[in-house]
């Protein structure tokens, strides 16, 4: 079976549609500006990347960027398809691809596959001196432990009943961002 190859955004590849290529390259440039500016701007980068991807759906790096944007969005489940396509096209296009793919698999409850991808991400995490690497070996170890715990919890589900704690806890207005202290002795929240 022939392996797919990443198609670059180049004049050689798109000699027939030079205008479309220019528009796609501009969208990538705009998306990159948002993507690199601030992690909170992933949502602003995503529409630019998706427009460029319509022109060339077979670019590994672009698919990886789209997948990463989705990982930082409310629709995380959409990340997996783009990250898998990126890996299929060129597994070396993005240094953190194994980690990003592992996160998408992890969030989807695909524990074994996520653990395998986390293990493949170890060499990149070991080189945490690179500016391109935002993951450490400690982070990988924690994520693998989370996957093992997820497997255990899924294998032995526990029935949980949620009960309203009453007026001592709930206020008449909306309550936001509840936090419990490490020793579980205090509940903190924001209330209107």
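Residue numbers (my numbering): 102 to 293.
The C-beta atom is built at its ideal place from N, Cα and C for all residues, glycine as well.
Could you tell me the distance, in whole angstroms, from the CA atom of residue 102 to the CA atom of residue 140? As a first step, residue 102 is located in the chain shown; it is residue number 1 there, counting from the start. As a first step, residue 140 is located in the chain shown; it is residue number 39 there, counting from the start. The predicted position of residue 102 is uncertain, since its pLDDT is 44 and thus under 50; no value can be drawn from it.
Do you know how far the Cα of residue 117 is from the Cα of residue 123? As a first step, residue 123 must be located in the chain shown, where it is residue number 22. As a first step, residue 117 must be located in the chain shown, where it is residue number 16. The straight-line gap from Cα to Cα measures roughly 12 Å.
Assuming the contact rule is C-beta atoms closer than 8 Å, residue 136 and residue 146 should be a hit. Round their C-beta distance to whole Å, please. The residue you call residue 136 lines up with position 35 of the chain shown. The residue you call residue 146 lines up with position 45 of the chain shown. Confirmed, Cβ separation roughly 4 Å.
Taking the alpha carbon of residue 203 as the point to measure from, which residue in 190, 217 and 193 has its own alpha carbon closest? Here residue 203 refers to the residue found at position 102 of the chain shown. Distance from the Cα of residue 203 is smallest, within the candidate group 190, 217 and 193, for 217.
Grouping DSSP H, G and I as helix and E and B as strand, with all else coil, what is residue 240? Walking along the chain shown from the start, residue 240 turns up at place 139. Three-state result, residue 240: helix.
Pull up the distance between the alpha-carbon of residue 197 and that of residue 274, whole angstroms please. As a working note, residue 197 is residue 96 in the chain shown. As a working note, residue 274 is residue 173 in the chain shown. Cα-Cα distance, rounded: 43 Å.
Work out the CA separation of residue 172 and residue 179 for me, nearest whole Å. As a first step, residue 179 must be located in the chain shown, where it is residue number 78. As a first step, residue 172 must be located in the chain shown, where it is residue number 71. Roughly 8 Å separates the two Cα atoms.
Please look up how many angstroms separate the CB atoms of residue 237 and residue 222, rounded, as I've assumed it's under 8 Å. Residue 237 sits at position 136 when you count from the first residue of the chain shown. Residue 222 sits at position 121 when you count from the first residue of the chain shown. Contact annotation, residue 237 with residue 222: C-beta distance approximately 11 Å; criterion of less than 8 Å not satisfied.
For residue 161, which of helix, strand or coil comes out of DSSP? The residue given as residue 161 occupies position 60 in the chain shown. Helix, per DSSP.
Locate the alpha helix (DSSP H) running through residue 276, then write down its first and last residues. Numbered from 1 along the chain shown, position 175 holds the residue referred to as residue 276. Here residue 276 belongs to no alpha helix (DSSP H); instead the beta strand (DSSP E) covers 276-281.
Bounding residues of the alpha helix (DSSP H) (the contiguous stretch that carries residue 292): For the purposes of this step, residue 292 is identified with residue 191 of the chain shown, where counting begins at 1. It is not in any alpha helix (DSSP H) - residue 292 instead sits in the beta strand (DSSP E) that spans 288-292.
Only counting runs of 4 or more residues, tell me where the alpha helix (DSSP H) segments fall wholly within the segment 122-210, in order along the chain. 143-156, 161-172, 180-190 and 198-208, all fully within the segment 122-210.
Nearest CA to the CA of residue 193: which residue from 207, 224 and 214? One-based indexing of the chain shown puts residue 193 at position 92. It is 224.
Cβ-based neighbour list, residue 114, same chain, cut-off 7 Å, excluding 5 preceding and 5 following: Against the chain shown, residue 114 aligns to sequence position 13. Counting only residues of its own chain and dropping the five nearest sequence neighbours on each side, residue 114 has a CB closer than 7 Å to the CB of 108.
If we count the other Cβ atoms within 10 Å of its Cβ and call it buried at 16 or more, is residue 161 buried or exposed? To locate residue 161, count along the chain shown from 1; it is residue 60. The C-beta of residue 161 has 16 or more other C-beta atoms within 10 Å across all chains shown, which makes the residue buried.
Mind checking whether residue 248 and residue 207 have CB atoms under 7 Å apart? Taking the first residue of the chain shown as 1, we reach residue 248 at position 147. Taking the first residue of the chain shown as 1, we reach residue 207 at position 106. Yes, they are a contact pair.
Looking at the structure shown, is residue 102 part of a helix, part of a strand, or coil, going by DSSP? To locate residue 102, count along the chain shown from 1; it is residue 1. Residue placement at residue 102 is poorly supported in this model, since its pLDDT is 44, which falls under 50; the coordinates still yield a value, given next. Looking at residue 102 - three-state DSSP - the assignment turns out to be coil, as it is neither helix nor strand.
By Cβ distance, which residues of its chain are closer than 7 Å to residue 187, with the 5 residues on each side in sequence left out? As a working note, residue 187 is residue 86 in the chain shown. 161, 164, 165, 168, 194, 195 and 198, listed in sequence order.
Verify whether the separation of the beta carbon atoms of residue 65 and residue 153 is less than 7 Å. Residue 65 lies beyond the stretch modelled for the chain, which goes from 102 to 293, so this question has no answer here.
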